[in-house]
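Below is one structure, written out as structure tokens, with a few remarks after it.
In this note's numbering, the protein residues as written are 12 to 177.
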């Protein structure tokens, strides 16, 4: 799938660093992200970088150093407009409680989805669709509501990119 581009959620970086692909165990994972970002296939957004940078750890150093060029600005009129449409949808869903809506509004998830829709990227996250969840607004729920925007996890992305660690 050479023409597919991927927009990564913060949990891709955080869970990878803390679990599956720790920097000291699988440095090839991080090299792969850098390589695919250089070719334009993998991106994320400024607000995700901010979430990761606040952690003040090895991941924060990596996103602000090696991966810094892979975070795009969300300060474009089309992205801002799409974020407004997403927030309008979220606020009109009875399924989600008020704290979930407020958390979504203040976080990066809505901006990531808006970026992915405007730029035609596939959203990569470890969140899963949930028809009944009330205390969180899952990224896949929003993606499904917006023209069934494709939303996958890290493992699917790696397979589609043909990444192998040997």
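Every residue, glycine too, gets a C-beta built ideally from N, C-alpha and C.
| Item | Value |
| --- | --- |
| Answer yes if the stretch 72-81 comes into contact with the stretch 97-111, meaning at least three C-beta pairs across the two stretches below 8 Å, and no otherwise. | no |
| If we require 3 or more residues per run, which beta strand (DSSP E) segments fall completely within the stretch 48-126? | 53-56 |
| Nearest to residue 137 by CA position, among 163, 126 and 129, is which residue? | 163 |
| Keeping to the same chain, check which residues put their C-beta closer than 7 Å to that of residue 81; ignore five residues upstream and five downstream. | 48, 53, 54 and 55 |
| Please state the DSSP three-state secondary structure of residue 39. | helix |
| If you compare alpha carbons, which of 112, 87, 50 and 98 is closest to residue 16? | 50 |
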